[in-house]
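Engineer:
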Amino acid sequence: MNVPMINQLQEIRITTHNWKIHVKWDLFKRIGILLTFLLLLPALIGASGFAVAQNPSEPGIATAWGNEVISAEKNEEFIKIASGRNHNLALRNDGTLVAWGMNGFGQSTVPDDLTDIADMATGLDFNLVLLSDGTLAGWGQNNFGQINIPANLEDVAGIAAGFAHSVALRSDGTMVAWGSNQGNAVSNLPSDLDDVIAVSAGNGFSIALRGNGNVVAWGLNNAGQGTVPENLEGVIAIAAGNIHSMALRDDGTVVAWGSNNAGQSTVPDGLGNVVAIAAGDQFSMALRSDGTVVAWGQNTEGQATVPEGLSGVSAIAAGQVHALVMKSDGTLAAWGSGTASRTILPGSIDNVIALTPGPGHRYALRADGTVVGWGSFTQGNTNVPAGLSNVIQVATGNWHGVALRSDGTVVAWGRGNEGQTNVPAGLDDVISIASGTEFNMALRSDGTLVGWGRNNVGQLDIPEGLDDVIAIAAGANHTVALRSDGTVAAFGISSSGQLNIPDGLSDVVAVSAGAFHNLALHSDGTVSAWGWNNAGQTNLPDGLDNIVDIAVGNSHSLALRSDGTVVSWGSMTNVPEGLENVVGIYAHASSNYSMAITTSGFVTSIQGEHRERPQGIMLMQNYPNPFNPATQIGFTLEKPGQVRLEVYDMLGRRLATLVNENKTAGSHTVTFNASTLASGVYIYRITTGEYSATRMMTLVK
Numbered sequence: 085m086n087v088p089m090i091n092q093l094q095e096i097r098i099t100t101h102n103w104k105i106h107v108k109w110d111l112f113k114r115i116g117i118l119l120t121f122l123l124l125l126p127a128l129i130g131a132s133g134f135a136v137a138q139n140p141s142e143p144g145i146a147t148a149w150g151n152e153v154i155s156a157e158k159n160e161e162f163i164k165i166a167s168g169r170n171h172n173l174a175l176r177n178d179g180t181l182v183a184w185g186m187n188g189f190g191q192s193t194v195p196d197d198l199t200d201i202a203d204m205a206t207g208l209d210f211n212l213v214l215l216s217d218g219t220l221a222g223w224g225q226n227n228f229g230q231i232n233i234p235a236n237l238e239d240v241a242g243i244a245a246g247f248a249h250s251v252a253l254r255s256d257g258t259m260v261a262w263g264s265n266q267g268n269a270v271s272n273l274p275s276d277l278d279d280v281i282a283v284s285a286g287n288g289f290s291i292a293l294r295g296n297g298n299v300v301a302w303g304l305n306n307a308g309q310g311t312v313p314e315n316l317e318g319v320i321a322i323a324a325g326n327i328h329s330m331a332l333r334d335d336g337t338v339v340a341w342g343s344n345n346a347g348q349s350t351v352p353d354g355l356g357n358v359v360a361i362a363a364g365d366q367f368s369m370a371l372r373s374d375g376t377v378v379a380w381g382q383n384t385e386g387q388a389t390v391p392e393g394l395s396g397v398s399a400i401a402a403g404q405v406h407a408l409v410m411k412s413d414g415t416l417a418a419w420g421s422g423t424a425s426r427t428i429l430p431g432s433i434d435n436v437i438a439l440t441p442g443p444g445h446r447y448a449l450r451a452d453g454t455v456v457g458w459g460s461f462t463q464g465n466t467n468v469p470a471g472l473s474n475v476i477q478v479a480t481g482n483w484h485g486v487a488l489r490s491d492g493t494v495v496a497w498g499r500g501n502e503g504q505t506n507v508p509a510g511l512d513d514v515i516s517i518a519s520g521t522e523f524n525m526a527l528r529s530d531g532t533l534v535g536w537g538r539n540n541v542g543q544l545d546i547p548e549g550l551d552d553v554i555a556i557a558a559g560a561n562h563t564v565a566l567r568s569d570g571t572v573a574a575f576g577i578s579s580s581g582q583l584n585i586p587d588g589l590s591d592v593v594a595v596s597a598g599a600f601h602n603l604a605l606h607s608d609g610t611v612s613a614w615g616w617n618n619a620g621q622t623n624l625p626d627g628l629d630n631i632v633d634i635a636v637g638n639s640h641s642l643a644l645r646s647d648g649t650v651v652s653w654g655s656m657t658n659v660p661e662g663l664e665n666v667v668g669i670y671a672h673a674s675s676n677y678s679m680a681i682t683t684s685g686f687v688t689s690i691q692g693e694h695r696e697r698p699q700g701i702m703l704m705q706n707y708p709n710p711f712n713p714a715t716q717i718g719f720t721l722e723k724p725g726q727v728r729l730e731v732y733d734m735l736g737r738r739l740a741t742l743v744n745e746n747k748t749a750g751s752h753t754v755t756f757n758a759s760t761l762a763s764g765v766y767i768y769r770i771t772t773g774e775y776s777a778t779r780m781m782t783l784v785k
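According to my numbering, the residues represented by the sequence shown are 85 to 785, in order.
See below:
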């Protein structure tokens, strides 16, 4: 795959906002007015981990980390990007490189001292770079030798990276290929070509552009991606997707061929004046000379839905199921979904006072009470209702959003298949909201709760007599409520012990809920944890004290100390080095990343990775995701041994055992067919004798 240049930045200044918080007086008496405000503010404003600087008169900076995070830096210095399956590269104009996204094979860890880069290309989970002296470097996954640069290869003028093979174009117009020979993409490299000026690589096939404007293809041709249309000439640019190909003619028109299962090869009627093209997994993009963008093909994550009003674009890029563009003013826009794009902050927003995460979308709350959304557009979850204002809190479900207005009323939008966007008539006097996977909970000022949405496992069955609540938190399919006397109640599903409140739990001042586990913060600054412990998310670190805030993700936990530092444990423990002056932390029950608000003055998203993964195994995100009906799950073993790979539903019921046998060390791939299952979120877990790892996947039919 090859993509044009793009940038990275956004800086968002945080300003003050007027907050209206209702807290029971007896809690003030127990721990003091100041400490109550300090400790309860994050809990009172959202169970999905929504946090705000506790001194809103000070500016703040949001920092993110985890395996779904993009590094955000000054974008004016970037001249090109490339996107792999779930990672990105950005090339600076000084020849240095930035990488972010998934890092399971080290693909997002740029080698030290790698400079003087002239070009770059990304494969599925690996990278190639062309240095200014005409030599190459590569890193990332190497299961087929795709980064084993041939000896004495030099005088290179161009490169391309496919799913698992690589192609280099010499300055004399000849080519060299190595890596996976699927479809004979390496062994059948045309040897009689000496006038090639550009090359692009897909899944087991490659296409080359000759100096006379003709196109040549070789390798896999199962869907016609290697069958160049007759009389195709006058071509000035090419792009290879998963199993389809694109060509841009010198008259500004586009031709596409190969797989058309999602319409990716059906060029829109009348499309002209095109100056750049990009091919994603199963969708296509074109940039017009007027700076507008057209996209078509697969739209499962909104990747083919160009945001309304988008203009002034100077470069485009297509990832697996997301799209990126750079505008002429240096700002960045992204839509669709996928690990490599989820946490890009939208350009040109300011006066942000708080952020709230979701599994594929984000919301920013401005000081003027308006809301901005970005990320996956699939279910309309980022399409904030027009005219929404006077908002004091936002919560996120898996595919929907909820906002609390200053007048105590609630608005919801996005996917509403389970009634989660149907706010109960007459609901008012609300002081806090929380969202689970497909349900919502609202806390009224009288301490009572109201819930709506999906109720298949009792997530809306509020216990009788629960009427003295001061804070709420929502997990995937359960709710945790903090009473005014410092005790805790929980209801919903208890598949992993998330409702088994520890005996004697008291003096609690804040609660947070993950997918299947919970945290409680005590008035003495200590923490309690219970529920699912597959990744050690309920194993409290030694010496965990002086805590003033807590947050819970899918299978990781966070705690904020009074000195402004952050502690993380479970599956995501890579707190960025030097992170300090933090005043708020948050995560989401369905996500594997974290964010923090500091007092430094700007909103920034920075790269992260799971550096403390179990040393024996690596479980990859399934591909494609979302999927229908089949998907592939990859894992890597550092040593041979017994492996068990299982699939569960959100109730914790085992649905399938995909692997239960001894496996050799190295990389393995298993296909999971969900043709008999309904649409929804599912869990897959790998276990060895010593380690385990868990991920979530989405089936959309």
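All C-beta atoms in this analysis are idealised placements derived from N, C-alpha and C, irrespective of residue type, glycine included.
Can you tell me whether Lys411 is buried or exposed, with buried defined as 16 or more other CB within 10 angstroms of its CB?
Structural biologist: Buried: at least 16 other Cβ atoms inside 10 Å.
Engineer: Below 8 Å, can you find three or more Cβ-Cβ pairs linking the stretch 232 to 244 to the stretch 198 to 216?
Structural biologist: Taking 8 Å as the limit for Cβ pairs, the verdict is that the stretch 198 to 216 does touch the stretch 232 to 244.
Engineer: Could you tell me how far apart the beta carbons of Val299 and Val312 are, in whole angstroms, since I believe they sit closer than 8 Å?
Structural biologist: Confirmed, about 5 Å.
Engineer: Contact defined as beta carbons within less than 8 Å: I believe Ala557 pairs with Ala518. What is the distance between those atoms, to the nearest angstrom?
Structural biologist: Sure, about 6 Å apart at Cβ, within 8 Å.
Engineer: Nearest CA to the CA of Glu385: which residue from Val456, Thr610, Asn482, Leu316?
Structural biologist: For Glu385, the nearest C-alpha among the options comes from Asn482.
Engineer: Would you decide whether Asp365 is buried or exposed? Buried here means 16 or more other CB atoms lie within 10 Å of its CB.
Structural biologist: With 16 or more Cβ atoms within 10 Å of its Cβ, Asp365 is classed as buried.
Engineer: Measure the beta-carbon distance from Ser639 to Ser652 and round it to whole angstroms, keeping in mind my assumption that it falls under 8 Å.
Structural biologist: 12 Å between Cβ atoms; not a contact.
Engineer: From the DSSP output, in three-state form, read off Asp110 for me.
Structural biologist: Its pLDDT being 36, under 50, Asp110 is placed unreliably in this model, and the value from its coordinates should be taken loosely. In the structure shown, Asp110 sits in a helix (DSSP, three-state: H, G or I).
Engineer: Out of Phe189, Trp341, Ile361, His606, which one is the CA nearest neighbour of Glu314?
Structural biologist: Nearest C-alpha to Glu314: Trp341.
Engineer: Measuring only the C-alpha atoms, how far is Ala680 from Tyr670?
Structural biologist: Taking the straight line from one Cα to the other gives about 6 Å.
Engineer: Using three-state DSSP, classify Gly267 as helix, strand or coil.
Structural biologist: In the structure shown, Gly267 sits in a helix (DSSP, three-state: H, G or I).
Engineer: Thr771 to Asp626, Cα distance in whole Å?
Structural biologist: Answer to the nearest angstrom: the Cα atoms are 26 Å apart.
Engineer: Restricting to Cα atoms, I'd like to know which of Ala363, Gly396, Gly308 is closest to Ala33.
Structural biologist: Any property of residue 33 remains undetermined from this structure, which presents the chain solely from 85 to 785.
Engineer: In the DSSP assignment, find the beta strand (DSSP E) that holds Ala235 and state where it starts and stops.
Structural biologist: That residue, Ala235, is in no beta strand (DSSP E); it is neither H nor E in DSSP.
Engineer: Nearest CA to the CA of Gln543: which residue from Ile400, Glu522, Glu661, Val743?
Structural biologist: Here the closest residue by C-alpha is Glu522.
Engineer: Since Val765 contacts Leu729 with CB under 8 Å, what's their CB separation in whole angstroms?
Structural biologist: About 18 Å; that fails the 8 Å criterion.
Engineer: Would you call the CB atoms of Pro441 and Trp419 closer than 8 Å?
Structural biologist: Cβ atoms of Pro441 and Trp419: not closer than 8 Å.
Engineer: Scan the stretch 318 to 375 and note each continuous beta strand (DSSP E) run of 3 residues or more that stays entirely inside, going in chain order.
Structural biologist: Counting whole runs of 3 or more residues, the stretch 318 to 375 contains the beta strand (DSSP E) stretches 319 to 324, 328 to 333, 338 to 342, 358 to 363, 367 to 372.
Engineer: Assign Ala370 to buried or exposed, taking buried as 16 or more other Cβ atoms, counted over all protein chains shown, within 10 Å of its Cβ.
Structural biologist: Its Cβ being crowded by 16 or more others within 10 Å, Ala370 is buried.
Engineer: Would Gly326 and Asn265 qualify as a contact pair, given that the criterion is a beta-carbon distance under 8 Å?
Structural biologist: Note that residue 326 corresponds to Asn in the displayed sequence, not to Gly. No, the pair does not count as a contact, with Cβ atoms beyond the cut-off.
Engineer: What's the gap between the Cα of Gly725 and the Cα of Asn744?
Structural biologist: For Gly725 and Asn744, the distance between alpha carbons rounds to 11 Å.
Engineer: Spell out a yes or no on whether the stretch 510 to 517 and the stretch 491 to 500 are touching, meaning 3 or more CB-CB pairs, one atom from each, closer than 8 Å.
Structural biologist: These segments touch.
Engineer: Measure from the alpha carbon of Ala550 to the alpha carbon of each residue in Ile577, Val377, Val456, Leu533, then state which is nearest.
Structural biologist: This sequence places Leu at residue 550; Ala is not what is there. Closest option to Leu550, Cα to Cα, is Leu533.
Engineer: With DSSP collapsed to three states, give me the class of Leu603.
Structural biologist: It is a strand residue.
Engineer: Note down the Cα distance separating Lys785 from Phe228, rounded to an integer number of angstroms.
Structural biologist: Whole-angstrom Cα-Cα distance: 33 Å.
Engineer: State the Cα-Cα distance for the pair Arg567 and Ala574, rounded to the nearest angstrom.
Structural biologist: Looking at the two C-alpha atoms, the distance is approximately 11 Å.
Engineer: Whose C-beta lies closer than 6 Å to the C-beta of Gly537 among residues of the same chain, with five residues either side of it excluded?
Structural biologist: The residues are Glu502, Gly503, Gln504, Glu522, Phe523, Asn524.
Engineer: Whole-angstrom Cβ separation of Gly336 and Gly318, contact assumed at under 8 Å?
Structural biologist: So it is not a contact: roughly 10 Å between Cβ atoms.
Engineer: Which residue from Gly179, Ile201, Ala235, Ala244 puts its Cα closest to that of Phe210?
Structural biologist: The shortest C-alpha separation from Phe210 is found at Ala244.
Engineer: Suppose you measure from the CA of Gly662 to the CA of Asp196; what does that come to, to the nearest Å?
Structural biologist: Approximately 20 Å, taken between the alpha carbons.
Engineer: Out of curiosity, what's the CA-to-CA distance linking Met781 and Asp334?
Structural biologist: Their backbone Cα atoms lie some 42 Å apart in a straight line.
Engineer: DSSP three-state label for Asn211, please.
Structural biologist: Asn211: strand per DSSP, three-state reduction.
Engineer: Measure the alpha-carbon distance for Ser132 versus Ala235 and round it to whole angstroms.
Structural biologist: Its pLDDT being 30, under 50, Ser132 is placed unreliably in this model, and the coordinates cannot settle the point.
Engineer: Apart from the five residues on each side of it in sequence, which residues of its chain come closer than 8 Å, Cβ to Cβ, to Thr748?
Structural biologist: Correct list, in chain order: Leu721, Pro724.
Engineer: On a Cα-Cα basis, can you pick out the residue from Gly531, Leu527, Gly535 that is closest to Pro508?
Structural biologist: Ranking Gly531, Leu527, Gly535 by Cα distance to Pro508 puts Gly535 first.
Engineer: Among Ala762, Ala324, Val377, whose alpha-carbon lies nearest the alpha-carbon of Gly393?
Structural biologist: Answer by Cα proximity: Val377.
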